[in-house]
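Residues in the sequence shown are numbered consecutively from 719, following the working numbering.
Note that CB positions come from ideal geometry on N, CA and C, so glycine has one too.
Note that the coordinates shown come from a computational prediction; the quantities given were computed from them, not determined experimentally.
Reviewing the structure listed below.
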Amino acid sequence: MTFTYPANKAKEVGKSFLSGKAPNLPEYIKQEKVFVMLDGEIKNYVIYEVEDEKSHLGLIAITHRFTTYFNIKGSNFKIEHLMTTREALPLIGLG
Numbered sequence: 719m720t721f722t723y724p725a726n727k728a729k730e731v732g733k734s735f736l737s738g739k740a741p742n743l744p745e746y747i748k749q750e751k752v753f754v755m756l757d758g759e760i761k762n763y764v765i766y767e768v769e770d771e772k773s774h775l776g777l778i779a780i781t782h783r784f785t786t787y788f789n790i791k792g793s794n795f796k797i798e799h800l801m802t803t804r805e806a807l808p809l810i811g812l813g
């Protein structure tokens, strides 16, 4: 997923994050990596791994966690389903 916000809102986002008010994620969701880049705004890439049979529930839980930031003007998040190369190859007849 990506989470973006204006640079002038970084402290507000940080305080919200540190407040602990965001709901905890269920055990079937593992946060693998978080990357941050600066390019006029701040963009976070958060990589989660969710058990296949729980993918819909995982989507709901991750979305619910990020609603905590709705009150921060200019913040946005986007969830994208990613596959490994091995998972994608059969889609083009190569696996």
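- Each residue's CA atom was taken as its position, placing R783 and E769 some 18 Å apart.
- For I797, same chain residues with a beta-carbon under 7 Å away, outside a window of 5 residues either side, are M719, L777, I780, T781 in chain order.
- Less than 8 Å divides the Cβ of I760 from the Cβ of Y723.
- In this structure, R804 lies near G813, with their beta-carbon atoms less than 8 Å apart.
- About 34 Å separates the Cβ atoms of A725 and L775, ruling out a contact at the 8 Å cut-off.
- Collapsing the DSSP output to three states places L743 in coil.
- Residue environment analysis places V754 among the exposed positions, since fewer than 16 neighbouring C-beta atoms fall within 10 angstroms of its C-beta.
- Taking a contact as a CB-CB distance under 8 Å, the pair I765 and E750 counts as one, their CB atoms being some 4 Å apart.
- Only residues of its own chain outside the window of five on either side were considered, and among them N762, F795 have a CB closer than 6 Å to the CB of F721, listed in chain order.
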